[in-house]
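Chains as they are written, first to last, in the working numbering: chain X, 1 to 181; chain B, 182 to 319.
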C-alpha cells in the first residue's frame with residue numbers, strides 16, 4: 001500500500017513536471033490540472049505518512065511529517081535523517097528522493113529513472129490520468145482532451161460517457177461533443 | 182450549460198475559495214445555479230435580505246448604493262460574497278450592465294454542503310484568516 005502510494009506520487013510528479021515544461025500555462029484547464037496535481041502531491045505525501053504511522057510509531061511519523069513540512073531547513077534535514085535511520089530500504093529508496101529534491105525539476109529527473117513513461121507527450125500523460133483511479137483528475141483530463149481536441153484519446157472519452165460519477169459523465173459528454181464538432 | 186470544470190474555473194478566482202481544493206470547488210460548483218439575465222436586470226437591491234452570492238461567467242455588473250456607483254464587476258469576479266456568511270441585508274444594489282451569465286450560490290444550500298464537507302469550512306477559515314492578516318498588515 002505504501003509503495004503503491006509512493007509510485008502514484010512519482011507518476012503525478014512526472015505529469016506535473018511535463019505540464020510545467022510544455023509551455024501551455026496560459027490555458028485555463030492546464031492551470032487547473034497543474035493546481036490539482038500540486039494538491040494531490042501534498043495529499044499523497046500526507047497519506048504516505050499516515051500509512052507509515054501504521055508500520056512505525058505514529059507519534060514519530062507525525063513529528064517527522066511536521067519536520068519535512070517545516071519552513072526551517074534544519075528541521076527538515078533532521079526529519080530526513082531520522083527517516084533515513086528508521087525506514088526499511090524499499091520505503092527509503094522511494095521516499096527520500098521526494099524529501100531531498102530541491103525542486104520539482106530535480107525530482108522529476110530522478111523519478112523518470114524509476115517510473116519512466118514510454119512516451120512523453122501531453123496525450124500520454126492525459127491517457128495516464130484518465131486511466132488512473134483518481135476520479136477528479138480523470139474528470140479534468142477528460143475535459144482537457146475535448147478542449148485540445150485530442151482525437152487519439154476519443155475511445156477513452158467514449159468509455160467515460162456512461163460512468164456512474166455525474167461530474168465525469170457530464171464532462172465526457174462535453175468532451176465528446178467537442179471531438180465530434 | 183456549463184460543465185463542472187467550467188464552474189470550477191470561475192470559482193477558483195473567488196477570494197474566499199482561494200484555499201479550497203479544486204475537488205472541493207467542484208462540490209461548490211454542483212450547488213451553483215446558472216442564471217442568464219438581460220441588460221438592466223436588478224439582481225438584488227440594497228436593503229433586501231441577503232441570501233446568495235454571485236460569480237460572473239460573462240458580462241458586467243454594476244454595484245451601486247444610493248445612486249452612486251461603487252464598482253463594476255467583470256468576468257470571473259464575485260459579488261454579494263458576504264451573503265454566504267451573514268444574514269444582514271445587502272448593502273448595495275447589483276444591476277446587469279449588459280446581458281450577463283452568472284453563477285448563483287444560495288446560503289442555505291451552501292450551509293448544507295459545509296455540513297457534509299468539513300474540509301471546505303477549514304479552507305474558508307484559512308482564506309478568511311489570510312484576508313484578515315492582509316487587512317491588518319501582518
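Note that CB positions come from ideal geometry on N, CA and C, so glycine has one too.
Please decide whether residue i counts as near chain X, where near means a Cβ-Cβ distance under 8 Å.
i: residue 190/B; result: yes
i: residue 301/B; result: no
i: residue 204/B; result: yes
i: residue 186/B; result: yes
i: residue 207/B; result: yes
By Cβ distance below 7 Å, which residues in the same chain neighbour residue i in space, the five residues on each side in sequence not counted?
i: residue 269/B; result: 231
i: residue 142/X; result: 130, 157, 160, 168, 171, 172, 175
i: residue 251/B; result: 244, 245, 273
i: residue 90/X; result: 3
i: residue 191/B; result: 236, 238, 257, 284
i: residue 18/X; result: 120, 125
Excluding the five sequence neighbours on either side, which residues of its own chain have a C-beta within less than 8 Å of the C-beta of residue i, listed in chain order?
i: residue 95/X; result: 6, 48, 83, 87
i: residue 300/B; result: 202, 205
Would a check of beta-carbon distances place residue i closer than 8 Å to chain B?
i: residue 163/X; result: no
i: residue 140/X; result: yes
i: residue 178/X; result: no
i: residue 145/X; result: no
i: residue 132/X; result: no
i: residue 167/X; result: yes
i: residue 39/X; result: yes
i: residue 170/X; result: yes
i: residue 126/X; result: no
i: residue 114/X; result: no
i: residue 32/X; result: yes
i: residue 28/X; result: yes
Closest by CA to residue i, which one among the options?
i: residue 233/B; options: 288/B, 267/B, 209/B, 247/B; result: 288/B
i: residue 114/X; options: 93/X, 46/X, 85/X; result: 93/X
i: residue 85/X; options: 103/X, 61/X, 116/X; result: 61/X
i: residue 29/X; options: 46/X, 76/X, 122/X; result: 122/X
i: residue 240/X; options: 11/X, 180/X, 67/X; result: It is not possible to answer for residue 240/X, since the shown part of chain X is limited to 1 through 181.
i: residue 41/X; options: 116/X, 13/X, 63/X, 180/X; result: 13/X
i: residue 44/X; options: 77/X, 106/X, 1/X, 165/X; result: 1/X
i: residue 151/X; options: 128/X, 133/X, 138/X, 177/X; result: 177/X
Could you name the residues of the same chain whose beta carbon sits closer than 6 Å to that of residue i, not counting the 5 residues immediately before and after it, in chain order?
i: residue 291/B; result: 265
i: residue 223/B; result: 276
I'd like to know whether the C-beta of residue i is nearer than 8 Å to at least one C-beta of chain C.
i: residue 36/X; result: In summary, chain C is missing from the structure at hand, where the protein chains are X and B.
Following a CB-centred definition, is residue i positioned closer than 7 Å to any heavy atom of the ligand FAD?
i: residue 300/B; result: As presented, the structure is devoid of all ligands, the ligand FAD included, so that no description of it is given.
**Prompt:** If you scan the stretch 188-261 of chain B from start to end, which runs of the alpha helix (DSSP H) of 4 or more residues do you find wholly inside it?
**Reply:** 203-212
**Request:** Check whether the stretch 215-229 of chain B touches the stretch 271-291 of chain B, counting contact only when three or more Cβ pairs, one atom from each stretch, lie closer than 8 Å.
**Result:** Yes: the two stretches touch, three or more of their Cβ pairs being nearer than 8 Å.
**Message:** Runs of 4 residues minimum, wholly inside the stretch 106-134 of chain X: which ones carry the alpha helix (DSSP H) assignment?
**Reply:** 122-131
**Message:** So, does the stretch 293-300 of chain B touch the stretch 248-264 of chain B, judging by three or more C-beta pairs under 8 Å?
**Reply:** The way I'd put it, the stretch 293-300 of chain B doesn't touch the stretch 248-264 of chain B; fewer than three beta-carbon pairs between them come closer than 8 Å.
**Message:** Please give the ranges of any alpha helix (DSSP H) in the stretch 9-59 of chain X, keeping only runs that are unbroken, at least 4 residues long and fully inside the region.
**Reply:** 28-55
**Prompt:** For the stretch 144-151 of chain X against the stretch 195-214 of chain B, are there 3 or more C-beta pairs whose distance is under 8 Å?
**Reply:** no
**Asked** At a cut of 8 Å, does the stretch 30-37 of chain X reach the stretch 69-78 of chain X through at least three beta carbon pairs?
**Response** Verdict: no, contact absent.
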